[in-house]
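**Student:** Each residue of the sequence shown is one higher than the one before, counting from 38 in the working numbering.
Here it is: the structure, laid out below.
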Amino acid sequence: MSIVSQEHKTTKYAVRLEDAFQILSWNVNGITHLLPKTQKSIKAFFSPPSPQGEDESEAEDSKAVPLRNFLRRHNWPHFLGLQEVKISPKDEATRRAVEKAANSDGGPAYRAYFSLPRDKYNATGWGGKVHGVCTLLREDIAELAGQRTREVDWDLEGRVLVTEIPAFQNLVIINGYWVNGTMNPYRSPETGAVVGTRHDRKRQFHSLMLEEAKSYQARGWEVVLVGDMNIARTPLDGYPGIRLGADHVKNRADFNRKFFEDDDNGMRAIDSWRWIHGNKRGYSYHGESVEDWGSSCDRVDLGMVTRGLVDKKALVGADIYESVAERGGSDHVPISVVLSTTKIATDTATGKEEGTP
Numbered sequence: 038m039s040i041v042s043q044e045h046k047t048t049k050y051a052v053r054l055e056d057a058f059q060i061l062s063w064n065v066n067g068i069t070h071l072l073p074k075t076q077k078s079i080k081a082f083f084s085p086p087s088p089q090g091e092d093e094s095e096a097e098d099s100k101a102v103p104l105r106n107f108l109r110r111h112n113w114p115h116f117l118g119l120q121e122v123k124i125s126p127k128d129e130a131t132r133r134a135v136e137k138a139a140n141s142d143g144g145p146a147y148r149a150y151f152s153l154p155r156d157k158y159n160a161t162g163w164g165g166k167v168h169g170v171c172t173l174l175r176e177d178i179a180e181l182a183g184q185r186t187r188e189v190d191w192d193l194e195g196r197v198l199v200t201e202i203p204a205f206q207n208l209v210i211i212n213g214y215w216v217n218g219t220m221n222p223y224r225s226p227e228t229g230a231v232v233g234t235r236h237d238r239k240r241q242f243h244s245l246m247l248e249e250a251k252s253y254q255a256r257g258w259e260v261v262l263v264g265d266m267n268i269a270r271t272p273l274d275g276y277p278g279i280r281l282g283a284d285h286v287k288n289r290a291d292f293n294r295k296f297f298e299d300d301d302n303g304m305r306a307i308d309s310w311r312w313i314h315g316n317k318r319g320y321s322y323h324g325e326s327v328e329d330w331g332s333s334c335d336r337v338d339l340g341m342v343t344r345g346l347v348d349k350k351a352l353v354g355a356d357i358y359e360s361v362a363e364r365g366g367s368d369h370v371p372i373s374v375v376l377s378t379t380k381i382a383t384d385t386a387t388g389k390e391e392g393t394p
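Here is the structure:
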């Protein structure tokens with residue numbers, strides 16, 4: 038199976054359509070709307086059985102798996118990071134259902150990796166069905182030498198998955214559901230004692246994520262951070278405006294300093310959307326209901342890359358799939374970061390013979 042997708046539409050540099058390594062990210066606000074329906078329609082109880090022995094509703098459902106349809110519509114992305122999957126850590130059946138839904142026909146196969154909440158003091162609501170991230174990695178990428186996907190020990194809320202792809206000149210992609218800043222208490226995961234607010238934890242999360250990214254940078258890896266970062270970077274990134282409460286202003290300054298502005302101690306990342314589109318407005322969060330569409334929105338889902346990827350002209354595209362149809366059952370729409378395969382892949386990864394152009 039080829040490691041390159043068949044189509045890419047939004048590019049900064051001239052790039053062959055088959056040369057697009059597609060990284061997608063989507064806060065799905067609960068995974069169930071992407072799984073096939075399991076309940077029969079009322080008419081199924083009054084319909085005669087089909088000659089094949091399966092009722093009409095089951096036949097229809099087998100062709101309507103939303104997650105697989107999403108992957109197909111986006112030309113079988115190599116990497117899909119999902120946030121807020123809202124799966125209980127005890128619920129193995131839903132995890133199996135996700136992987137099955139991602140592989141429901143004869144097209145490209147995917148492997149599913151999960152990080153679900155295991156913090157008994159800070160992620161306990163709704164029977165553990167809070168937060169949670171899932172990474173779907175296309176099988177041909179998952180089979181590359183040295184690839185691994187892991188959790189981090191500094192987060193117990195099910196917010197971070199790290200995918201290492203050494204065959205792509207040491208590329209690491211970090212799928213994250215970053216902390217939302219509120220005045221709600223944050224408790225010590227060890228003792229349960231209140232040690233601050235969720236604003237405090239958000240800024241601590243920034244520091245821990247920065248440490249994670251810089252640990253790879255120090256070893257010569259290129260880093261891509263994708264996910265719902267729960268921050269609108271500038272006034273361009275919110276409509277009708279961005280949050281201006283004291284803690285939100287502090288959080289924003291902390292985020293921008295650590296990941297973009299601090300040349301000495303920060304990541305010095307590139308915001309892929311801004312690099313590709315300049316000052317164009319685009320929003321990934323669109324309110325709690327379809328009726329709210331366009332009335333209050335923010336660009337809080339980001340793709341951030343290390344400068345090395347830009348220097349080698351490997352960052353070739355970024356998009357926000359901003360439509361009601363793409364939003365589906367979520368309150369966010371998907372985003373993408375696109376890298377040039379020929380700029381990041383070794384000869385081993387692309388399958389070339391040594392010395393071939």
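Positions of the beta carbon are idealized from the N, C-alpha and C atoms, including for glycine.
1. Under 6 Å Cβ to Cβ from leucine 262, same chain only, skipping five residues before and after it: list those, please.
2. Classify glutamate 328 as buried or exposed, calling it buried when 16 or more other Cβ atoms lie within 10 Å of its own Cβ.
3. In terms of DSSP beta bridges, what is serine 252 paired with?
4. Quick one: grab the DSSP three-state call for aspartate 335.
5. Just to confirm, are alanine 355 and leucine 376 a CB contact at a threshold of 8 Å?
6. In terms of residue numbering, what span does the alpha helix (DSSP H) encompassing threonine 161 cover?
7. Can you name, in chain order, every residue of its own chain whose Cβ lies under 8 Å from the Cβ of glutamate 176, other than the five neighbours on each side?
8. Kindly indicate which three-state DSSP category leucine 352 falls into: helix, strand or coil?
9. So alanine 149 is in the beta strand (DSSP E); what residue range does that whole segment cover?
10. Mark glutamate 325 as exposed unless 16 or more other C-beta atoms lie within 10 angstroms of its C-beta, in which case mark it buried.
11. Between the region 179-193 and the region 112-128, do at least 3 Cβ pairs fall closer than 8 Å?
12. When DSSP builds the beta bridges, which residues end up paired with glycine 169?
13. Return the chain-ordered list of same chain residues with a C-beta closer than 7 Å to the C-beta of asparagine 316, the five sequence neighbours on each side being excluded.
14. Could you pull the DSSP bridge partners for histidine 369 from this structure?
15. For serine 62, does the count of other Cβ atoms within 10 angstroms reach 16, so buried, or fall short, so exposed?
16. Looking at glycine 229: is its Cβ nearer than 8 Å to the Cβ of tyrosine 322?
17. Between which two residues does the alpha helix (DSSP H) holding phenylalanine 296 run?
18. Among the candidates Thr131, Ala138 and Glu136, whose CA atom is the shortest distance from the CA of lysine 166?
19. Just verifying my parser: in three-state terms, what is the DSSP assignment at serine 309?
20. From what residue to what residue does the beta strand (DSSP E) around alanine 57 run?
21. What are the boundary residues of the beta strand (DSSP E) that includes aspartate 142?
22. So, at 6 Å on beta carbons, what are the nonlocal neighbours of serine 225 in its own chain, with the 5 sequence-adjacent residues on each side left out?
23. If you count every other CB in all the chains shown that lies within 10 Å of the CB of methionine 246, and 16 or more means buried, which is it?
24. Is the CB-CB distance between methionine 220 and leucine 339 below 8 Å?
25. Using only the alpha-carbon positions, how far apart do methionine 304 and phenylalanine 296 sit?
**Tutor:** Concretely, from the data shown:
1. In the sequence shown, the residue the question calls residue 262 occupies position 225. Cβ within range, chain order: Ile211 and Met341.
2. The count along the sequence shown starts at 1 and reaches residue 328 at position 291. Exposed is the label assigned to glutamate 328, since fewer than 16 other Cβ atoms lie within 10 Å of its Cβ.
3. Translated into the one-based positions of the sequence shown, residue 252 becomes position 215. Answer is none; serine 252 lacks a bridge partner.
4. In the sequence shown, residue 335 corresponds to position 298, counting from 1. Aspartate 335 carries a strand assignment under DSSP once its states are collapsed to helix, strand and coil.
5. Against the sequence shown, residue 355 aligns to sequence position 318. Against the sequence shown, residue 376 aligns to sequence position 339. No, these two residues do not count as a Cβ contact at 8 Å.
6. The count along the sequence shown starts at 1 and reaches residue 161 at position 124. Note, threonine 161: premise wrong, no alpha helix (DSSP H); not H, not E.
7. Sequence index remark: in the sequence shown, residue 176 carries index 139 (1-based). The beta carbon of glutamate 176 sits closer than 8 Å to the beta carbons of Met38, Pro145, Ala146, Tyr147 and Arg148 from its chain, once the five residues preceding and following it are set aside; these are given in chain order.
8. The residue labelled residue 352 in the question sits at position 315 within the sequence shown. DSSP places leucine 352 in strand when its eight states are reduced to three.
9. Mapped onto the sequence shown, residue 149 falls at position 112. Element bounds for alanine 149: 147-152.
10. Start at 1 with the first residue of the sequence shown, and residue 325 comes out as number 288. By the 10 Å Cβ count, glutamate 325 comes out exposed.
11. Flag = no, the region 179-193 and the region 112-128 do not touch.
12. Position 132 of the sequence shown holds residue 169. Partner(s): none; glycine 169 has no beta bridge.
13. By one-based count along the sequence shown, residue 316 stands at place 279. So the list reads Leu273, once near-sequence residues are dropped.
14. Locating residue 369 in the sequence shown gives position 332, counting from the first residue. Answer by DSSP bridge pairing, in chain order: Tyr322.
15. Counted from its first residue, the sequence shown places residue 62 at position 25. Looking at its Cβ environment, which holds 16 or more other Cβ atoms inside 10 Å, serine 62 is buried.
16. On the sequence shown, residue 229 is found 192 positions in, with the first residue counted as 1. On the sequence shown, residue 322 is found 285 positions in, with the first residue counted as 1. No, they are not a contact pair.
17. Sequence index remark: in the sequence shown, residue 296 carries index 259 (1-based). Note, phenylalanine 296: premise wrong, no alpha helix (DSSP H); not H, not E.
18. As a working note, residue 166 is residue 129 in the sequence shown. The residue with the shortest Cα to Cα distance from lysine 166 is Thr131.
19. Within the sequence shown, the letter at position 272 stands for residue 309. Helix at serine 309.
20. Here residue 57 is taken as the residue at index 20 of the sequence shown, counted from 1. 57-64 is the extent of the beta strand (DSSP E) around alanine 57.
21. To locate residue 142, count along the sequence shown from 1; it is residue 105. Run containing aspartate 142: none; DSSP gives neither H nor E here.
22. Taking the sequence shown and counting its residues from 1, one reaches residue 225 at position 188. Closer than 6 Å at Cβ, skipping near neighbours: Val232.
23. Here residue 246 corresponds to residue number 209 of the sequence shown, with the count starting at 1. Classification of methionine 246: buried, given that the 10 Å Cβ count is 16 or more.
24. On the sequence shown, position 183 is the one that residue 220 refers to. On the sequence shown, position 302 is the one that residue 339 refers to. No; because the gap between Cβ atoms is not below 8 Å, this pair is not in contact.
25. Taking the sequence shown and counting its residues from 1, one reaches residue 304 at position 267. Taking the sequence shown and counting its residues from 1, one reaches residue 296 at position 259. For methionine 304 and phenylalanine 296, the distance between alpha carbons rounds to 5 Å.
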